[in-house]
Amino acid sequence: MRLAEREWMVQTQLIGRDITDEAVINSMLIVPRHKYVLEDKQEYAYYGTALEIEAGQTISQPYIVALMAQALELKANDKVLEVGTGSGYSAAVLSRIALCIYTIERHDVLAHLAKERFQNQGYENVEVRIGDGTLGWTEKAPFDAILVTAGGPVIPESLIDQLAIGGRLVIPVGDKGDQKLLRVKKTVTRELIEENLGSVRFVPLIGTEGWSELN
Ligand code: SAM
1 MRLAEREWMV QTQLIGRDIT DEAVINSMLI VPRHKYVLED KQEYAYYGTA
51 LEIEAGQTIS QPYIVALMAQ ALELKANDKV LEVGTGSGYS AAVLSRIALC
101 IYTIERHDVL AHLAKERFQN QGYENVEVRI GDGTLGWTEK APFDAILVTA
151 GGPVIPESLI DQLAIGGRLV IPVGDKGDQK LLRVKKTVTR ELIEENLGSV
201 RFVPLIGTEG WSELN
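Using the UniProt record's numbering, the letters of the sequence shown correspond one by one to residues 1 to 215.
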């Protein structure tokens, strides 16, 4: 369903820009983005924009989802942590590329909806947890890749600790209005190599190692 719209999205917004990772492109051709947005927003699901979802949150624009997924340099047997499940769309995209996805959301309404969507689509390699993702998911660590889809003031130490040797962490860092999308790689000597992938604008990462809910 809606394959033509997904093909149009991939051609114009991903391949037409700088997305070259075939696994990412194929995954975004498969995952039905319209099933991850509010019913009255479905007609815009394949446009190049972020859209409002439940709990006052957003689903990122397709290009940003692709850019982050590509930056994670995923391999088929990777174990991935996502912080900020939101609609579940980016976890669904990652689930068609990597072995298993652990995703954490602080709003229970979003976590429940996402779980339902994964079940409906038969995406059995995604596990959802309600909680503060800035602390990671200790029982499932280490992770080959970690994606944070909300903007924090700093990179949470817990996430760096839970990143495997050779692992990649992608996270927006900056103030609440705009952030730099950072990729951090952990080398065999546990050195961290940081790259700036450009300017982005995400909802705030709220939690113990993120922003406080009050400010
Ligand atoms: N990945 C999502 C998608 O595909 O729809 C986009 C998520 S939205 C831009 C960011 C999400 O991060 C929101 O749903 C927000 O509630 C969540 N969030 C913010 N701080 C969090 C935290 N500390 N732990 C878990 N989720 C958090």
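For each residue, glycine too, the CB sits at the ideal point set by N, CA and C. Model, not experiment: these values are computed from the prediction.
Exercise for review: With a floor of 4 residues, list each alpha helix (DSSP H) that falls wholly inside the segment 92-123, ordered by position along the chain.
Suggested key: 108-121
Practice item. State the DSSP-derived secondary structure class of Leu197, mapped to helix, strand or coil. Key: strand
Review point. How big is the Cα-Cα spacing for Arg117 and Gly198?
Key: 31 Å
Check your understanding: Quick one: is Gln70 buried, meaning 16 or more other Cβ sit within 10 Å of its Cβ, or exposed?
Key -> buried
**Study point:** Contiguous beta strand (DSSP E) assignments of at least 3 residues, all confined to the segment 154-208
**Key:** 163-174, 179-186 and 192-200
Point to revise | Ala150: CB within 8 Å of a non-hydrogen atom of ligand 1 | key: yes
Review point. Quick one, are the C-beta atoms of Ile146 and Leu159 less than 9 Å apart?
Key: yes
Check your understanding: Which class does Glu82 belong to by DSSP, given the choice of helix, strand or coil?
Key -> strand
Exercise for review: Please determine if the segment 35-47 and the segment 4-19 are in contact, where contact requires at least 3 C-beta pairs separated by less than 8 Å.
Suggested key: yes
Point to revise | Which of helix, strand or coil DSSP assigns to Leu51 | key: strand
Point to revise | Of the residues Lys41, Arg2, Gln179 and Ile155, the one placed nearest Ile30, counting alpha carbons only | key: Arg2
Review point. So does Ser90 have its beta carbon nearer than 8 Å to some heavy atom of ligand 1?
Key: yes
Point to revise | Short Cβ contact (9 Å threshold) for Pro142 with Ala114 | key: no
**Study point:** Three-state secondary structure assigned by DSSP to residue 249
**Key:** Since the first and last residues shown for the chain are 1 and 215, residue 249 lies out of range.
**Study point:** Backbone secondary structure at Trp137 - three-state DSSP
**Key:** coil
Exercise for review: Could you tell me if Arg33 is buried or exposed, where buried requires 16 or more neighbouring beta carbons within 10 angstroms of its beta carbon?
Suggested key: buried
Practice item. Please state if the CB of Ile171 and the CB of Ile155 are separated by a distance shorter than 9 Å. Key: yes
Review point. Opposite Glu127 in the DSSP bridges: which residues?
Key: Tyr102
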